[in-house]
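A.B. asks: There's a structure below that I have some questions on.
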Amino acid sequence: MFGIGGPELKALFALLLYFIPAIWSSKVAKAKGRSGFVWFFIGLLFCPLGVIAVYLVPAKAGGDYIDCPYCAETIKKQAIVCKHCHRNLVDASQD
Ligand SMILES: [Zn+2]
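With the sequence shown counted from 1, adding 78 to any position gets you the numbering used here.
Encoded structure:
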């Protein structure tokens, strides 16, 4: 009666298949300064497409990202030189 591969196991597998992309996209979204909560549901609804979408959306200031003080483009917090305008960001913060 409790053979492996029953409906319970299939349900569990389907659940994992939906939750892994959901958690994944929420983590990527948070790193990009976006709402992890919203992206959790996008990942849950669209599965692999939600994960692809979260990589495609531009990062927002907040999280691991800040706005460049010179060109206002979004760049990584750890950046030393802006990838858009190539200005030195370390000198700016030491003034
Ligand atoms: Zn810049």
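In this text, a Cβ means the ideal position worked out from N, Cα and C, and glycines have one as well.
Using a 10 Å radius around the Cβ and a threshold of 16 neighbouring Cβ atoms, would you call L127 buried or exposed?
C.D. replies: Mapped onto the sequence shown, residue 127 falls at position 49. So L127 counts as exposed.
A.B. asks: Give me the Cα-Cα distance between Y122 and V132, rounded to the nearest whole angstrom.
C.D. replies: Here residue 122 refers to the residue found at position 44 of the sequence shown. Here residue 132 refers to the residue found at position 54 of the sequence shown. The question names Tyr, yet the displayed sequence has Leu at residue 122. Cα-Cα distance, rounded: 12 Å.
A.B. asks: Return yes when at least one heavy atom of ligand 1 lies under 7 Å from the C-beta of R112, else no.
C.D. replies: Residue mapping note: residue 112 aligns to position 34 of the sequence shown, counting from 1. Incorrect: R112 has no Cβ contact closer than 7 Å to ligand 1.
A.B. asks: May I have the straight-line CA-CA distance separating E147 from V129, to the nearest angstrom?
C.D. replies: As a position in the sequence shown, residue 147 is number 69, starting the count at 1. As a position in the sequence shown, residue 129 is number 51, starting the count at 1. Correcting the residue type first, residue 147 is Pro in the shown sequence and not Glu. In a straight line, the C-alpha of P147 is about 30 Å away from that of V129.
A.B. asks: To test your reading of the DSSP string, which unbroken alpha helix (DSSP H) runs of 4 or more residues are found completely within the segment 80 to 153?
C.D. replies: Fully enclosed alpha helix (DSSP H) runs of 4 or longer: 85 to 109, 114 to 124 and 126 to 134.
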